[in-house]
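Chemist:
Numbering (my numbering), first residue to last: 7 to 711.
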């Protein structure tokens, strides 16, 4: 709170007014603090209903995340400014303005009361008030100015720009009004002090000095300034206390000032592409635990913290491909609905526990609170998590609800159920395929590891994947990689008929039983050959073996072909020679890019091909737009506008002849999209390996299927 020095000639104000004012101020702040503690205690009780969170990592990891948060995401506001410049600057000004003013207020409180409470115990040491104020007052005023700039930008954004995603305009205006009153009253109090005391360095407080000039200009007397100062000071503190109480009672957007840093610090220590493991399924069954999220207590306390941390800003919704295609999925709405569920369900559980009664059965989460269709619309592309400024992990909660629907209720879309049955019975999700795991190798002399005299005499194991082996268009990808291996002299082998689905579709569709079953089978196979390094062509296989098999004690060095082949080019083992006069727009696969941060290597491969011109789509790299196949959506019917058709339009807009991909799922989705758009005569989809094999001059002997 602003300093209250004794005013010249007015000792009675210092002796009577200041103590009275101070008493009122501290009583008001005390009430607000109690309300704030009570509000957070109520939320803490709800958090305590959640399960333990096993993947926070050690304190070293948490501290590292905290330092990164402080240096990049908090101090620089990277997630705000990088995604959207205008709201990023707006929030940067509001946040830093508030921080600076809070520090100023706290230090002024210490300065004003130093002689009363602290100095006697420090042998008369005096706080260097005058020097301190001159050095810091300018900074405090600039903090207030930043708040003013941020507030003006926020009001304009909500009154004139009015983005569609903002659905809390009434509450926002109320909060902005309170903050505006707080800032203005603070400057008015500062101006009254300057006008009444005539400090030697008014330039140190330029904004407050402007207000002081106004007071002096209207001829306000010293006595009038004292009375006004007294009243406004109390009003200023009252507004601040009211904001705290409002935030505590309503648990509104204001609470994110406390929750967002905590949520960011406590975010998962798992690899970005890994889902949270459920643990041993037999143990869960023996314990009678729910398989997936049926009730509030089936979420972890970190997930419940996610729900409370959501500011309802809608950035996740703006990036969601399902929402863009008209599906009922809004990541923002799912988190807000789960937050509402927690607020309703929590007191019911507490009341039952208090009375020693059984907890009433919960309402079905994926029916009464979260739309079933919304939960099944998610492609698990991670665009929502990449955009979220408070690090909410939406995918975990969506998949947990899918787990319950799949394993407990058997409530799965029909086409998805067919894919799951195929994985269980045939080891792959493709229905009606006429191919075996090795048909694509005909005439290519591809070594199978079981047929080798010394399986250890290989550089890498080539994990082909279900789609590359069994889907006719995608067979061109493994054929092209075999050609590249041949040109670079890479010693490799495949598992052939011993390879089975990695379990990625099963896990993301919620069937953890099936995922663990096929994953354990693959791990046993890989361990039997003492496999160390694996190269994949499918980002989904890559992500699952690399990031999720370690949860089941399957630890291997796993690289996507873009990483491995780019290294071959850089070390001179492979050299593209033939010129391709082609313009290519590159598409970032979600599970290669956002989930595993492989962005540069595919582009470096493309740039190494003579004559190949690479152009970029508007949505690329971290902000890339999903093809629509992830999360098991490849095997589900898609009513209405298709996600892959939207992405195909992004490609067509570039006027490139070819869309380059590094994923067999993406290849299929673009091939279908180009045909559906009637662009098949002039546009085509190709995997980078197909283009590279052509340039290296060792295209597959049998051509592409």
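Ideal placement from N, C-alpha and C gives every residue a C-beta, glycine not left out. Since the structure is predicted, the reported quantities are computational estimates derived from the model, not experimental observations.
1. Give me whichever residues DSSP pairs with residue 666 in a beta bridge.
2. How would you label residue 449, buried or exposed, when you count the other beta carbons within 10 angstroms and need 16 or more for buried?
3. Would residue 270 pass as a contact of residue 397 if the rule is Cβ separation under 8 Å?
4. Considering only their Cβ atoms, is the gap separating residue 611 from residue 571 smaller than 8 Å?
5. Using 8 Å as the cut-off, can you tell me whether the segment 394 to 410 makes contact with the segment 450 to 468, which would need three or more C-beta pairs spanning the two stretches below that distance?
6. According to DSSP, residue 500 sits in a beta bridge with which residue or residues?
7. For residue 601, I'd like the list of residues in its chain whose CB is within less than 7 Å of its CB, leaving aside the five on either flank, ordered along the chain.
8. Which residue marks the beginning of the alpha helix (DSSP H) containing residue 538, and which one marks its end?
9. Can you say whether residue 399 is buried or exposed, counting buried as having 16 or more other CB atoms within 10 angstroms of its CB?
10. Taking only three categories from DSSP, how would you classify residue 531?
11. With a floor of 3 residues, list each beta strand (DSSP E) that falls wholly inside the segment 544 to 616, ordered by position along the chain.
12. Can you give the Cα-Cα distance for residue 199 and residue 219, rounded to whole angstroms?
13. Could you round the C-beta distance between residue 71 and residue 276 to whole angstroms and report it? I think they count as a contact, below 8 Å.
14. With a cut-off of 8 Å, do at least 3 Cβ pairs link the segment 648 to 659 to the segment 677 to 688?
15. Roughly how many angstroms separate the alpha carbons of residue 152 and residue 392, rounded to a whole number?
16. I believe residue 551 touches residue 498 by the beta-carbon criterion, under 8 Å. Please report the beta-carbon distance rounded to the nearest angstrom.
17. Can you tell me where the alpha helix (DSSP H) with residue 641 in it begins and where it stops?
18. Please report how far the alpha carbon of residue 96 lies from the alpha carbon of residue 162, in whole angstroms.
19. Output needed for residue 473: all residues of its chain with C-beta closer than 7 Å, excluding positions within five of it in sequence on either side, in chain order.
20. Can you confirm whether the segment 368 to 384 touches the segment 587 to 605 when touching is taken to mean that 3 or more C-beta pairs between the two stretches lie within less than 8 Å?
21. With distances taken from CA atoms, which of 662, 488, 441, 462 is nearest residue 475?
22. Could you compute how far the alpha carbon of residue 8 sits from the alpha carbon of residue 111?
23. Less than 8 Å separating the beta-carbons of residue 156 and residue 225?
24. Taking its Cβ as the centre, do 16 or more other Cβ atoms sit within 10 Å of residue 289, making it buried, or is it exposed?
25. Does the Cβ of residue 124 have 16 or more other Cβ atoms within 10 Å, making it buried, or fewer, making it exposed?
26. Does DSSP put residue 621 in a helix, a strand or coil?
27. Here's a check: name, in chain order, each residue in its chain whose Cβ is nearer than 8 Å to the Cβ of residue 664, leaving out the five neighbours to either side.
28. Would you say the segment 307 to 319 touches the segment 424 to 436, given that touching needs at least three Cβ pairs under 8 Å?
29. Taking residue 350 as part of the alpha helix (DSSP H), name the residues at either end of that continuous run.
30. Output the boundary residues of the beta strand (DSSP E) element that contains residue 469.
31. Under 8 Å, do residue 666 and residue 627 count as touching if we go by C-beta distance?
32. Could you give the first and the last residue of the continuous alpha helix (DSSP H) run that contains residue 441?
33. Who are the near neighbours of residue 435 in its chain, counting only those whose CB is closer than 7 Å to its CB and skipping five residues on each side?
34. In the DSSP assignment, find the unbroken alpha helix (DSSP H) run with residue 325 in it and report its ends.
35. Can you tell which of 646, 210, 675 has the C-alpha that lies nearest to the C-alpha of residue 196?
36. Starting from residue 420, trace the alpha helix (DSSP H) in both directions and tell me its first and last residue.
Modeler: Straight from the coordinates:
1. 592, 692
2. exposed
3. yes
4. yes
5. no
6. 454
7. 278, 279, 388, 549
8. Run containing residue 538: none; DSSP gives neither H nor E here.
9. buried
10. helix
11. 563 to 566, 588 to 592
12. 11 Å
13. Contact flag wrong, Cβ pair sits at about 12 Å.
14. yes
15. 27 Å
16. 16 Å between Cβ atoms; not a contact.
17. It is not in any alpha helix (DSSP H) - residue 641 carries neither H nor E in the DSSP assignment.
18. 10 Å
19. 480, 544, 670, 671
20. no
21. 441
22. Here residue 8 scores only 44 on pLDDT, less than 50, and its place in the model is too uncertain to base an answer on.
23. no
24. exposed
25. Note that residue 124 has pLDDT 44, beneath the 50 cutoff, so the model's placement of it is unreliable and the number below is only indicative. Residue 124 should be labelled exposed.
26. strand
27. 588, 589, 590, 591, 689, 690, 691, 692, 697
28. no
29. 337 to 360
30. 466 to 469
31. no
32. From DSSP, residue 441 is part of no alpha helix (DSSP H); its letter is neither H nor E.
33. 425, 428, 429, 472, 507, 511, 641
34. 321 to 325
35. 210
36. 420 to 432
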